Amino acid sequence: MTMHERTQRTAIAWLLLAACTPRPASDGEPSPPPSASSAAASVQCADPAPTASPALATSPAPSAEPPTAPYQPPPEATAESTGPAPRRPIGTFDDWVKEYSGLGEPEAEKRPPRLRRAKELALASGRIAFMRSGDVFAMDLATGVEAQLTRKTQRNIAPTFLGDGRRIAFLSNRDGMAWRVFLMNADGTEQRPITGKFSAWYGEPSFAISPDGARVAYVARARAPSDEGLEELHLVEVASGDDQRVGQPATLGECTFSPGGDAIHCVAGEFDAEHLLSVDIATRRVRRLPDAGNHMFSAARSLGDRLLFSASPTGAFCCQRSQLFTTALDGTGIKGLGAFWVAGSMRPEVSPKGSQIAVAWSVREGGFGADYRNEISLLDANGGAERPLTSAFPRPFYSAYEPSWAPDDRHLAFTLSLCPYLGCEPRIRSVVVVDTRDAGAVPAFIAYGGNASWSPVP
Numbered sequence: 001m002t003m004h005e006r007t008q009r010t011a012i013a014w015l016l017l018a019a020c021t022p023r024p025a026s027d028g029e030p031s032p033p034p035s036a037s038s039a040a041a042s043v044q045c046a047d048p049a050p051t052a053s054p055a056l057a058t059s060p061a062p063s064a065e066p067p068t069a070p071y072q073p074p075p076e077a078t079a080e081s082t083g084p085a086p087r088r089p090i091g092t093f094d095d096w097v098k099e100y101s102g103l104g105e106p107e108a109e110k111r112p113p114r115l116r117r118a119k120e121l122a123l124a125s126g127r128i129a130f131m132r133s134g135d136v137f138a139m140d141l142a143t144g145v146e147a148q149l150t151r152k153t154q155r156n157i158a159p160t161f162l163g164d165g166r167r168i169a170f171l172s173n174r175d176g177m178a179w180r181v182f183l184m185n186a187d188g189t190e191q192r193p194i195t196g197k198f199s200a201w202y203g204e205p206s207f208a209i210s211p212d213g214a215r216v217a218y219v220a221r222a223r224a225p226s227d228e229g230l231e232e233l234h235l236v237e238v239a240s241g242d243d244q245r246v247g248q249p250a251t252l253g254e255c256t257f258s259p260g261g262d263a264i265h266c267v268a269g270e271f272d273a274e275h276l277l278s279v280d281i282a283t284r285r286v287r288r289l290p291d292a293g294n295h296m297f298s299a300a301r302s303l304g305d306r307l308l309f310s311a312s313p314t315g316a317f318c319c320q321r322s323q324l325f326t327t328a329l330d331g332t333g334i335k336g337l338g339a340f341w342v343a344g345s346m347r348p349e350v351s352p353k354g355s356q357i358a359v360a361w362s363v364r365e366g367g368f369g370a371d372y373r374n375e376i377s378l379l380d381a382n383g384g385a386e387r388p389l390t391s392a393f394p395r396p397f398y399s400a401y402e403p404s405w406a407p408d409d410r411h412l413a414f415t416l417s418l419c420p421y422l423g424c425e426p427r428i429r430s431v432v433v434v435d436t437r438d439a440g441a442v443p444a445f446i447a448y449g450g451n452a453s454w455s456p457v458p
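Quick note on numbering: the sequence shown equals residues 1 to 458 in the UniProt record's numbering.
Below, the structure is given as structure tokens:
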């Protein structure tokens, strides 16, 4: 994990503890349909006591946008399930602009578009798992029915569908402050731990699971006193429970499995001195991949018979230039992909059939302390034809991140976050879906929450 990631995770953790859930609709009246201007998203906060959460029904017919656009919970929510009121009302877009106190200039002329409804996507099938307020939920996109899959005792996060679409892996610290990877059926039944307990130096640990669910890789805080500040990569055989450390303790970031599950690719190294490493599952051999003079990396993804990743020659604020690269599986033949680049960081996600690349990128707009711009752009398989997917939402109030592809190679889910005021009170997050074949499409609201994982099975 890089120092930059640690700082971000620590800051995010404090923000989540400070945030609160939205106030319920008054007098039992349904709220307007979810929209960007009415802040359709979810609030992440400290965990309340476990409560039952009713399944969501199909949304009602669209209603007129109220002139003041107050924030309210979705029509299906009840006062009991929405929790305490926020410390301040959401207000309107004009309120956000008026009270902006950052170092930059808000995009006051760019009014947020109204989000579409999920049923307008006309999806005949599909399931999305996501996290909201420390629990895992799933949405059936064909019926619009939401189901709560976990009941928090601490936090249940990072849901990930397995390749068969019938099981979901997730992180939970229900046994105390230590974390374990759990596995459950897609309906939330038969939840069981598949790793021992582990922790991270900062924030939440990370894990990856092979597409067939046979192996789990996780990054844990090194245990030896002499390895303070370092992490260990562990590989677990799910059937036997055998847990082995792979390689030596190091500074580690995100790890991913190859599509065939025969290799793991990780980001390693300190900030501004990163590189990619590859682990052969059969032999446990760890190999450092060439860096071509770059010092900052994203986790690798598979693009055909090559690895795709982003890299920058420096992490320094003055000179970041992240762009896409590919390399052969053995690390040879590294070369740039396309002309798209940003003066910040980027993270690519390849569509299931390899025809498109969604790139989540982040750029600071100004000097130290200035706002970050977090966007998602769409590229073709050659890294060209860049098309922004989220530029219609005014910055710095909105951010977009965590893209997740549908198995149809067409629809893309991501998290749309709203931070209307200094301190993000409240911070509001939504899982939304956009049709990437429609150049002018506005995302559709799916549910409050984030960290979405789309089932690979239609």
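Ideal placement from N, C-alpha and C gives every residue a C-beta, glycine not left out. Only a predicted model underlies this, so the values are computations on that prediction, with no experimental measurement involved.
Residue i to residue j span [Cα, whole Å]
| i | j | result |
| --- | --- | --- |
| Ser210 | Arg114 | 38 Å |
| Trp341 | Ile376 | 13 Å |
| His411 | Ser226 | 47 Å |
| Asp140 | Asp94 | 35 Å |
| Ala439 | Ala392 | 12 Å |
| residue 489 | Gly338 | The structure shown does not extend to residue 489, since the chain is modelled only from 1 through 458, so no value can be given for it. |
| Glu105 | Cys319 | 23 Å |
| Ser35 | Arg116 | Reliability fails at Ser35, whose pLDDT of 39 lies under 50, so the model's placement of it is uncertain and no value is given. |
| Gln323 | Thr189 | 42 Å |
| Ala231 | Glu204 | Note that residue 231 corresponds to Glu in the displayed sequence, not to Ala. Approximately 13 Å, taken between the alpha carbons. |
| Val236 | Arg221 | 16 Å |
| Val286 | Gln154 | 35 Å |
| Ser53 | Ala263 | Unreliable placement is indicated for Ser53, whose pLDDT of 34 sits below 50; the coordinate value is still reported in the next sentence. C-alpha separation (whole angstroms): 39 Å. |
| Gln356 | Gly384 | 10 Å |
| Tyr218 | Pro348 | 21 Å |
| Ala122 | Ser298 | 34 Å |
| Val363 | Arg373 | 5 Å |
| Gly91 | Glu99 | 11 Å |
| Ser302 | Asn382 | 13 Å |
| Glu365 | Arg395 | 10 Å |
| Leu276 | Thr332 | 12 Å |
| Val432 | Asp408 | 16 Å |
| Gly260 | Pro352 | 13 Å |
| Val246 | Asn156 | 26 Å |
| Ala142 | Gly134 | 25 Å |
| Pro67 | Val457 | In this prediction, Pro67 scores a pLDDT of 32, lower than 50, which makes its location untrustworthy; the coordinate-derived value is nonetheless stated afterwards. The alpha-carbon atoms of Pro67 and Val457 are separated by roughly 41 Å. |
| Thr58 | Ser125 | Residue confidence is low: Thr58 scores 36 on pLDDT, short of 50, so the model does not pin down where it sits. No coordinate-derived value is stated. |
| Ser38 | His234 | Only weak support is given to the placement of Ser38: the predicted model assigns it a pLDDT of 40, under 50, and the value that follows is read from those uncertain coordinates. So the alpha carbons of these two residues sit roughly 44 Å apart. |
| Ser172 | Tyr202 | 16 Å |
Where residue i sits in the DSSP three-state scheme
| i | result |
| --- | --- |
| Ala118 | helix |
| Pro225 | helix |
| Asp135 | strand |
| Phe93 | helix |
| Lys98 | helix |
| Gln320 | coil |
| Ser42 | At Ser42, the pLDDT of 35 sits below 50, so the modelled position is not reliable and the matter cannot be decided from this model. |
| Leu171 | strand |
| Lys335 | strand |
| Ser399 | strand |
| Asp356 | Note that residue 356 corresponds to Gln in the displayed sequence, not to Asp. DSSP places Gln356 in strand when its eight states are reduced to three. |
| Ala147 | strand |
| Thr153 | coil |
| Pro456 | coil |
| Thr390 | coil |
| Ser377 | strand |
| Asp140 | strand |
| Arg127 | strand |
| Pro113 | coil |
| Ser351 | coil |
| Phe161 | strand |
| Ser53 | A caution first: Ser53 carries a pLDDT of 34, below 50, which makes its placement in the model unreliable, though a value can still be read off. The answer is coil: DSSP assigns Ser53 none of H, G, I, E or B. |
| Phe340 | strand |
C-beta atoms of residue i and residue j nearer than 9 Å
| i | j | result |
| --- | --- | --- |
| Phe170 | Phe182 | yes |
| Asp243 | Gly196 | yes |
| Arg127 | Gly165 | yes |
| Pro426 | Arg174 | no |
| Asp272 | Gly315 | yes |
| Ser453 | Ala224 | no |
| Ala158 | Glu146 | no |
| Glu254 | Ala208 | yes |
| Thr283 | Leu307 | no |
| Arg215 | Phe257 | yes |
| Pro403 | Ala447 | no |
| Ser455 | Phe445 | no |
Proximity test, Cβ basis, 9 Å: residue i and chain D
| i | result |
| --- | --- |
| Pro348 | In the displayed structure, chain D is absent; only one protein chain is listed. |
Ordered list of beta strand (DSSP E) runs contained in the segment 407-453, each at least 3 residues:
411-418, 428-435 and 444-448
Would the segment 393-404 and the segment 413-425 be scored as touching if the rule is three or more Cβ pairs under 8 Å?
yes
Quick check for students: name the residue ranges of the beta strand (DSSP E) that lie wholly in the segment 178-259, counting only runs of 3 or more.
180-185, 206-209, 215-221, 231-237, 243-250 and 252-257
Counting pairs of beta carbons, one from the segment 282-294 and one from the segment 324-337, are three or more of them closer than 8 Å?
yes
Which full runs of the beta strand (DSSP E) of 3+ residues lie inside the segment 262-328, going along the chain?
263-268, 275-280, 286-288, 301-303, 306-312 and 322-328
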